[in-house]
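The numbers in our numbering rise by one with no breaks, and the one at position 253 of the sequence shown is 253. Structure, as structure tokens:
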Amino acid sequence: MSSARLSSFQDTKDLQANLVPLQPLDLHAKQIRILHLLPGEGDDPIRCELQLANLGDQPYYEALSYVWGDAQDVRPILLEGREVQVTTNLEAALRGLRFPAETRRMWVDALCINQTDDVEKTHQVHLMAEIYKETALALLWLGSTAPGESSDSDEESDTDEESDMDEEFFLPDEEFPYMGEEFSFRSEGYSGYLNETRYHCSRIPHDAGLNAFKLIKEMAEAGEDDHFAIGKISCGPGAIQVTRASRKSFKKLMDLTWWDRIWTVQEAVLPRKAIAFCGHLHLDWSDFVKAQRTMDQHHTKKCCIDRLFSVDDRFRHIGLVEFETRVRNIEICREPTLTLTEALTVHRSREAGDSRDMLYALLGLKADWGTQLSAVVDYSLSPEEVFREMTINLILLNQSLEPLVRLRTQSRNDLPTWVHDLSTSSVESLRTTASCYNLYNASRGRELSVRFGSFGELETRGVLVDEVEEITYAFSHDGQCIRPQLSGKLTELLGLADSRSRNSPYPTGGTRFEALKTFMVEVFQQEMRWDEHDLFPQGELDQRSLLGIMGALDYTSMINTALFVTKKGLIGLARNGVQLGDTVHVLFGGNVPFILCPTIDEKDRIRYRYFGHCYVQGIMNGEAVENVGEGDLFTII
1 MSSARLSSFQ DTKDLQANLV PLQPLDLHAK QIRILHLLPG EGDDPIRCEL
51 QLANLGDQPY YEALSYVWGD AQDVRPILLE GREVQVTTNL EAALRGLRFP
101 AETRRMWVDA LCINQTDDVE KTHQVHLMAE IYKETALALL WLGSTAPGES
151 SDSDEESDTD EESDMDEEFF LPDEEFPYMG EEFSFRSEGY SGYLNETRYH
201 CSRIPHDAGL NAFKLIKEMA EAGEDDHFAI GKISCGPGAI QVTRASRKSF
251 KKLMDLTWWD RIWTVQEAVL PRKAIAFCGH LHLDWSDFVK AQRTMDQHHT
301 KKCCIDRLFS VDDRFRHIGL VEFETRVRNI EICREPTLTL TEALTVHRSR
351 EAGDSRDMLY ALLGLKADWG TQLSAVVDYS LSPEEVFREM TINLILLNQS
401 LEPLVRLRTQ SRNDLPTWVH DLSTSSVESL RTTASCYNLY NASRGRELSV
451 RFGSFGELET RGVLVDEVEE ITYAFSHDGQ CIRPQLSGKL TELLGLADSR
501 SRNSPYPTGG TRFEALKTFM VEVFQQEMRW DEHDLFPQGE LDQRSLLGIM
551 GALDYTSMIN TALFVTKKGL IGLARNGVQL GDTVHVLFGG NVPFILCPTI
601 DEKDRIRYRY FGHCYVQGIM NGEAVENVGE GDLFTII
């Protein structure tokens, strides 16, 4: 936890003013305070004491992982005999975790760090990784449960075919284009879901937590031959029963804000042992991991994919899908080969009250990341300084432009456009291109050539491929699906209206129709884990099937993206916001193409604003740099 975590929601100065005088720490040693949570039951006042300890002496303590919550929503506790105010979520955690007859020794950032002393806070932040590595047990407080509240799951029959949520996301079959007998795409819900404000909470109904934890335990203990059953439909023997109640409960479980905060990643990864709590419910974190692996195995083997992970059903099971993704992304951080660039990407959707924590909270995951990046936790540096130095060092460390691939829309006007802006929240887009970066080789191994100017410019070499001439969006700006317009527009753009046009040559070889088929396969193979036979069971792509595939594309890889065609006729995919006249480049040291926005500076020089990476059919494997010498110089501002 960092000093910045205190301001994750609102100013906490009022809380700090209530803290009792604390015995100073030896800042030249690895000294911490340990909280003694004194025994109590029910509504008994929460009483705590503090004791100094040195990490080198291997003291016993259990580290708490939680979300602060609203700093204005507070409850009183007794610390060293004096009343202090803590957030409601922390008070609930302490009340839920205390023992009735013995003292519990804990490390809790809000109470064990002097929040009014910036020097001490910096010292303790540097020890964060070690504090969680050395803890005897990590207590992952996901949130509270409310016994008096109902999740409504007990009032509805699990045998009903559609839930209220299902009805919200689903439309009649006739509204959707033909996809062949193996496919049925009936929903505009993906767009609606991403535009829906997610319900963040620190408390859920008790029965929702119980249903979710029961299914997690069942999945964790499932054997290889135990398949998923959805309602009355079973995918095989020994079925793992997914009821409407359990999937609604999973949605509520995943709405808990613990899953959203960046600091909780290292707090789950670094400890030797961790237990997840939801009120008085608890499970080993290892059960969460086993449950995720069970889901992933049935996804990879495709034995249950048609019911659990299909586009048709992922909206009903959005809580389960999110669970699998969130747990997997946390566990990825244990991989020894994981890079900091990859970690920043995987956890890009998480949040921090201080944007610098989006970097600082990850540095402790690997001992050498801070050294490699020449980065230390330093809150005296401005966010602009942190982001610029981080991006420069990542590019130089990787000796590639891969860090640019991870960029999303910038929210700060005081940053160069190529700098990684960690202060903006983002909905993931172009996942296929980003996650498969190393499978492409657009610059065909050409060495990185960059120079960083004193005024924030990035000079790099490469080749200008073409200019964007036509654009069509998968979704309109109000979030409504415009699939019929997309299908017709793309058919028109690519000249697919008649057989003569479909068989006309594509700029990099083959026909335009063949290029589109390859484009579709490339997108779907990575995004949906479908192979070419899934898309084209008869081995051919006819016009009718093409329209159906484009209908599916709207709901999967097309979220927040735009299809474009260049002046030469190249087909491409970029994130929303690409403009006519933007230029497609292959830059040396980059495995994928990039889109830049040309502009003229006050000295009539051409400069470029960075827009983002893209996928362009026919130039992903070095075709654009064949017979190119030293390339041209581009200045990105």
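All residues carry an ideal CB built from backbone N, CA and C; glycine is no exception.
Three-state secondary structure assigned by DSSP to residue i
{"i": "residue 284", "result": "strand"}
{"i": "residue 620", "result": "coil"}
{"i": "residue 85", "result": "strand"}
{"i": "residue 575", "result": "strand"}
{"i": "residue 453", "result": "coil"}
{"i": "residue 384", "result": "helix"}
{"i": "residue 37", "result": "strand"}
{"i": "residue 534", "result": "Model confidence at residue 534 stands at a pLDDT of 48, short of 50, so the residue's coordinates are unreliable and nothing is read from them."}
{"i": "residue 519", "result": "helix"}
{"i": "residue 438", "result": "helix"}
{"i": "residue 202", "result": "coil"}
{"i": "residue 632", "result": "strand"}
{"i": "residue 505", "result": "strand"}
{"i": "residue 626", "result": "coil"}
{"i": "residue 608", "result": "strand"}
{"i": "residue 399", "result": "coil"}
{"i": "residue 369", "result": "helix"}
{"i": "residue 466", "result": "strand"}
{"i": "residue 694", "result": "Summary: the structure shown does not reach residue 694, with the chain confined to residues 1 through 637, and so no result is reported for it."}
{"i": "residue 379", "result": "coil"}
{"i": "residue 292", "result": "helix"}
{"i": "residue 374", "result": "coil"}
{"i": "residue 143", "result": "strand"}
{"i": "residue 20", "result": "coil"}
7 Å Cβ shell around residue i - same chain, five flanking residues per side excluded
{"i": "residue 403", "result": "341, 391, 394, 395, 420"}
{"i": "residue 343", "result": "333, 362, 365"}
{"i": "residue 287", "result": "216, 217, 220"}
{"i": "residue 196", "result": "Reliability of the predicted coordinates at residue 196 is poor, the pLDDT of 42 falling under 50, and no value is obtained from them."}
{"i": "residue 453", "result": "459"}
{"i": "residue 73", "result": "87, 88"}
{"i": "residue 262", "result": "347, 350, 351, 352, 357, 358, 361"}
{"i": "residue 92", "result": "144"}
{"i": "residue 129", "result": "266, 270, 364"}
Beta-carbon spacing of residue i, residue j below 7 Å
{"i": "residue 227", "j": "residue 405", "result": "no"}
{"i": "residue 271", "j": "residue 440", "result": "no"}
{"i": "residue 289", "j": "residue 331", "result": "yes"}
{"i": "residue 69", "j": "residue 89", "result": "yes"}
{"i": "residue 203", "j": "residue 143", "result": "yes"}
{"i": "residue 578", "j": "residue 463", "result": "no"}
{"i": "residue 106", "j": "residue 35", "result": "yes"}
{"i": "residue 222", "j": "residue 229", "result": "no"}
{"i": "residue 519", "j": "residue 502", "result": "no"}
{"i": "residue 201", "j": "residue 255", "result": "yes"}
{"i": "residue 47", "j": "residue 94", "result": "no"}
{"i": "residue 456", "j": "residue 416", "result": "yes"}
{"i": "residue 591", "j": "residue 379", "result": "no"}
{"i": "residue 65", "j": "residue 264", "result": "yes"}
{"i": "residue 631", "j": "residue 451", "result": "no"}
{"i": "residue 63", "j": "residue 122", "result": "no"}
{"i": "residue 397", "j": "residue 587", "result": "no"}
Cβ shell of residue i (< 6 Å), same chain only, five flanking positions each side left out
{"i": "residue 273", "result": "137"}
{"i": "residue 83", "result": "76"}
{"i": "residue 374", "result": "393"}
{"i": "residue 183", "result": "Caution applies to residue 183, whose pLDDT of 27 falls short of 50 and renders its modelled position unreliable; the value that the coordinates give is listed next. Within the same chain, residue 183 has no close Cβ partners at all."}
{"i": "residue 322", "result": "254"}
{"i": "residue 213", "result": "281, 283"}
{"i": "residue 326", "result": "259"}
{"i": "residue 589", "result": "400, 401, 448"}
Close beta carbons around residue i, own chain, < 8 Å, minus the five adjacent residues each side
{"i": "residue 41", "result": "100"}
{"i": "residue 119", "result": "27"}
{"i": "residue 600", "result": "606, 607"}
{"i": "residue 638", "result": "This structure cannot speak to residue 638, because the chain is shown only from 1 to 637."}
{"i": "residue 595", "result": "468, 574, 578, 582, 583, 584, 585, 611, 612, 613, 614"}
{"i": "residue 49", "result": "35, 36, 38, 79, 80"}
Residue-level contact to chain B via CB, residue i, 7 Å cutoff
{"i": "residue 55", "result": "The structure shown has no chain B; it contains just one protein chain."}
The region 207-223 / the region 241-261 touching (three or more Cβ pairs under 8 Å): yes
Given 8 Å, three or more beta-carbon pairs between the region 353-361 and the region 378-389: yes
Every unbroken alpha helix (DSSP H) inside the region 47-118 [4 residues or more]: 88-97, 109-112
Complete runs of the alpha helix (DSSP H) confined to the region 309-362 [at least 4 residues]: 318-332, 340-346
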